[in-house]
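Residue numbers (the UniProt record's numbering), protein chains in the order written: chain A, 1 to 742; chain B, 1 to 325.
Single-structure report; data block below.
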Ligand SMILES: Cc1cc2nc3c(=O)[nH]c(=O)nc-3n(C[C@H](O)[C@H](O)[C@H](O)COP(=O)(O)OP(=O)(O)OC[C@H]3O[C@@H](n4cnc5c(N)ncnc54)[C@H](O)[C@@H]3O)c2cc1C
Ligand code: SF4
């Protein structure tokens, strides 16, 4: 492992401290926890979308080899409602009633000695339903769309109009140029590599839950409430998470049932969802249909932005895509902005947060519309965006703390070679390939939550830095080590990090791209507090070489305590006084700065695509992404984050989409053979560049967040490049070859 | 998965005896189709006979052509010098199939006998005429973007999934079948059945029979051959359309040609009428496209796969012009 040079500038580049564990199979994900005497649960799912279960025949399953129990709505596991609904992914608790709200809903749990026995017994259960026809199609549901009321703290229908302008349509009517387009995209799934899994172990009325989660604390609260036990009796452990993307924030049916079954059966129960089951037992991203109408002057100045969206919502609740309010709301300066978010409630599995919730779909519509406007105006798409760069948050008189979107474009254009572009569509033909380039903006708000970190000086010479946050592959293990190293002036390899355990220092977890921004500042505070404790021990303990020195005369310096004429390492001190460790917890939270500025990360994407002139398949040749995300804590894992975000966007642009059968509500491609994600061969060279301007108005670290911003705008950049290559504007995602065959 | 008896056969005779009449019995080669479908409860043999120890190996040539043992692994055949040099179309069809891990396990015989990828076939909570004769075909009115436009019936519209089979049908390959009643060689083109009213019957293998080898007749000009596979992503996906082409091109004129397409038919689809139209022609794109139009004269597209009518034509044009150029 590389270690950070002492006193180096903030952006170090170190390998993942958990990398070795991961590549050697030593990292234990939830399903890898082998509790003694564990039984295995297999979920039973509904095979209709809407109705009531009349009866279930479980006799054969109960007789099957190894079966311990079959739980159903007719023989349920008791769960308490009303506890912590925020963090259950749907509005109901499993098995507490016989209603079926969507195809693939959990309606039972078979528990057996082995996974295979549970699965095979599950195949023997049959259910008899009173079936009603489901509503499963977004387009069909649009006529009965409803107003969700408020979105992101603002009205779902929001007008920010110039003085004297009555309606957005008035502003559009008086614009010199207008463009309008309707953009659609299907429901999508997170498809994290690690499927959802839980191992529930009860011992002496204490529950330990190994459950891959983005938030051990939210899971803990939810499970405790649903099971009716004191939160102090529950511990949630999740040191490694194989991808979350927002789908491991809420608590789904499997940990609730595993924990309840383990209590009832008096032995540990493990439930691992099959890949197919993750599609319906956990969350998704809404299907979205949007219309964006832009009005501008001939010189490209935006006069009016009108952005309307219909997002699918589930009758079981959930977090729907908020496309206009997360993008057109503030990405560009325009005299008149009108947003309108509607929801279409369907008999489908609940949507939940999914990487850049709202921005992902919203940016596809807005950033494609801008490209259409550029074409209409005969203006360079980069110049058009620079012309409309917003310097204050529209409709609020607050500036951004640190905003460099213009620089993203300038730097990106140079790195990419944008100036070589002939703007005419279909102007670059190389053999059988039509070549085109496109660009789009990225935007994501910076979030910060209260967080605590514990720093402990150990007698063995290492320092432990720990917090109940999560690492979803995002790099948190390493970020804690890097920040601990900087705060303590020690090499990275002397920092022992720990996370993903609800018993560690309080932390809400990893979501909203806020984990580093929230946890990072607390590291320095905790380091400071722990050094103070160390000094206190040094001057008070009678066996300490510094005994009796006034505390004010001792300072901490890179692992040593320094007093006039004397210096002692903390390990030597702890050994001398025979104390195993000295620790302190530091906590930080966002302060009053949060009303005074807007905090947002930005970026610009550039990409080159090739479309086969015969068979129409779009292929990416290269991508350049420049990110304005504040200070970058560890360049290496940060780059991986952006690459991952961009690949997420490639999936959105070219491949991904659930095929929800309108008549049955069944997802026809609920598996990774047919729900297509990008494979390595689909991913071109990706050039990632960080501007690295610290945003110290946001937090002392100057770091915002980069987990999601990389995804935003990618689909538009790709679609815009496809338009440039072929002259065809595809407004319906994914852009598959059938849409490009002419 | 249902409980089943498991036996390992050491010899061909043992395998045939074990399988007996064949009813309820399945041979296990790489298991990448069989075990997958058993886990899904789609295939439910009472007995599984492992044939991996049988001596059905080897890639050899003699006067009658190239012989490939049924238990050769896809990954080995894909890089075998005899194959890459003489029949690039076979090597390419194999290396564009599935994933490296699957190709390391999967056998040539198993590949030719793999089952369809229709999502309804694989989901026992839905009807399917192939899985449960007479229960209906939800694909016809359901999700059918990947389904066939050629050779379909009102009972079944599933696409034949094998890439290798397309290349082999283009090359007039045959399979050797060994059963308790003897040995026979069958042209692969005749081996596969159309679904008609009996989509559960996919091929001409009799119960208990084994595929022991594949033979590809000598065809010197197959050195100029290629497999073009079109799909949404660039790897690890079945074909939306594919073309296996071998070209005898002399002085810019097509003297002879072999052409079969995949991803569009209920079996690997040889195109004699297009071959006929191409003979004597110089392979210019417009001329090839006109000839290729014959491929889809009888196409019956469904709600989501109409694009395949155009796509398969273009795939042929692209494959041929690239090979000629
Ligand atoms: C995710 C995935 C992607 C795939 N993608 C592709 C692709 O792109 N292109 C493609 O062509 N294929 C693809 N495949 C299919 C794969 O190539 C086949 O599963 C494989 O070739 C089957 O070979 P096997 O040896 O594993 O067969 P097995 O699973 O062992 O057997 C398959 C069937 O054939 C029978 N059988 C096997 N050998 C014999 C024999 N010698 N005599 C008589 N009966 C026999 C078995 O009883 C069984 O019914 C894919 C498969 C998967 C799982
Ligand atoms: S197309 Fe064939 S395999 Fe698919 S559902 Fe219909 S009958 Fe079954």
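Don't be surprised by glycine CBs; every beta carbon is placed ideally from N, CA and C.
Where residue i meets chain B, residues with beta-carbon distance less than 8 angstroms
i, result
"residue 669 of chain A", "119 and 143"
"residue 608 of chain A", "Residues of chain B passing the Cβ test: none, with the nearest at roughly 16 angstroms."
"residue 655 of chain A", "232 and 233"
9 angstroms Cβ cut-off: residues of chain A touching residue i
i, result
"residue 132 of chain B", "Those within 9 angstroms of residue 132 of chain B in chain A number zero; the least Cβ separation is about 15 angstroms."
Proximal residues of chain A, C-beta to C-beta of residue i below 7 angstroms
i, result
"residue 317 of chain B", "614"
"residue 236 of chain B", "679"
Coarse secondary structure for residue i, derived from DSSP in three states
i, result
"residue 184 of chain A", "strand"
"residue 733 of chain A", "coil"
"residue 55 of chain A", "strand"
"residue 592 of chain A", "coil"
"residue 528 of chain A", "helix"
"residue 290 of chain A", "strand"
"residue 284 of chain A", "strand"
"residue 521 of chain A", "helix"
"residue 297 of chain B", "coil"
"residue 177 of chain B", "strand"
"residue 457 of chain A", "strand"
"residue 306 of chain A", "strand"
"residue 77 of chain A", "coil"
"residue 182 of chain B", "strand"
"residue 274 of chain B", "helix"
"residue 259 of chain A", "helix"
"residue 215 of chain A", "coil"
Integer-rounded CB distance, given that residue j should sit under 8 angstroms from residue i
i, j, result
"residue 618 of chain A", "residue 654 of chain A", "6 angstroms"
"residue 106 of chain B", "residue 30 of chain B", "4 angstroms"
"residue 667 of chain A", "residue 315 of chain A", "Not a contact, Cβ separation roughly 16 angstroms."
For residue i, the nearest candidate out of the options (CA to CA)
i, options, result
"residue 306 of chain A", "A/23, A/329, A/288 and A/350", "A/329"
"residue 516 of chain A", "A/170, A/474 and A/109", "A/474"
"residue 73 of chain A", "A/396, A/479, A/97 and A/242", "A/97"
"residue 362 of chain A", "A/317, A/428, A/564 and A/290", "A/290"
"residue 39 of chain A", "A/114, A/91, A/53 and A/502", "A/114"
"residue 341 of chain A", "A/366, A/311, A/332 and A/348", "A/311"
"residue 232 of chain B", "A/674, A/729, A/627 and A/691", "A/674"
"residue 678 of chain A", "A/695, A/656, A/91 and A/288", "A/656"
"residue 500 of chain A", "A/551, A/54, A/60 and A/236", "A/236"
"residue 525 of chain A", "A/542, A/538, A/465 and A/491", "A/465"
"residue 51 of chain B", "B/221, B/230, B/70 and B/247", "B/70"
"residue 128 of chain B", "B/60, B/112, B/157 and B/101", "B/157"
"residue 688 of chain A", "A/646, A/676, A/665 and A/725", "A/646"
"residue 312 of chain B", "B/181, B/212, B/187 and B/147", "B/147"
"residue 282 of chain B", "B/310, B/248 and B/77", "B/248"
"residue 351 of chain A", "A/250, A/201, A/263 and A/413", "A/250"
Neighbour list for residue i in chain A, Cβ cutoff strictly below 8 angstroms
i, result
"residue 135 of chain B", "The contacting residues do not exist; residue 135 of chain B stays about 14 angstroms from chain A at best."
"residue 311 of chain B", "615, 616, 737, 738 and 741"
"residue 6 of chain B", "Within 8 angstroms Cβ-Cβ: nothing; residue 6 of chain B doesn't reach chain A, min ~14 angstroms."
"residue 334 of chain B", "Since the first residue of chain B shown is 1 and the last is 325, residue 334 of chain B is not available in this structure."
7 angstroms Cβ cut-off: residues of chain B touching residue i
i, result
"residue 659 of chain A", "143"
"residue 123 of chain A", "41"
"residue 47 of chain A", "125"
"residue 335 of chain A", "In chain order: nothing, as chain B lies at least about 42 angstroms away."
"residue 682 of chain A", "233 and 234"
"residue 674 of chain A", "119"
"residue 116 of chain A", "1"
"residue 432 of chain A", "318"
Proximal chain B residues relative to residue i, where beta-carbon distance stays under 9 angstroms
i, result
"residue 120 of chain A", "1, 2, 3 and 41"
Test: residue i CB closer than 8 angstroms to a CB of chain C
i, result
"residue 737 of chain A", "Among the protein chains of the structure shown, namely A and B, there is no chain C."
**Request:** Report all residues for which the CB-ligand distance to some heavy atom of ligand 2 is below 7 angstroms; order them along the chain.
**Result:** B/116, B/118, B/120, B/121, B/128, B/129, B/130, B/131, B/137, B/138, B/139, B/140, B/147, B/155, B/156, B/157, B/158, B/195 and B/199
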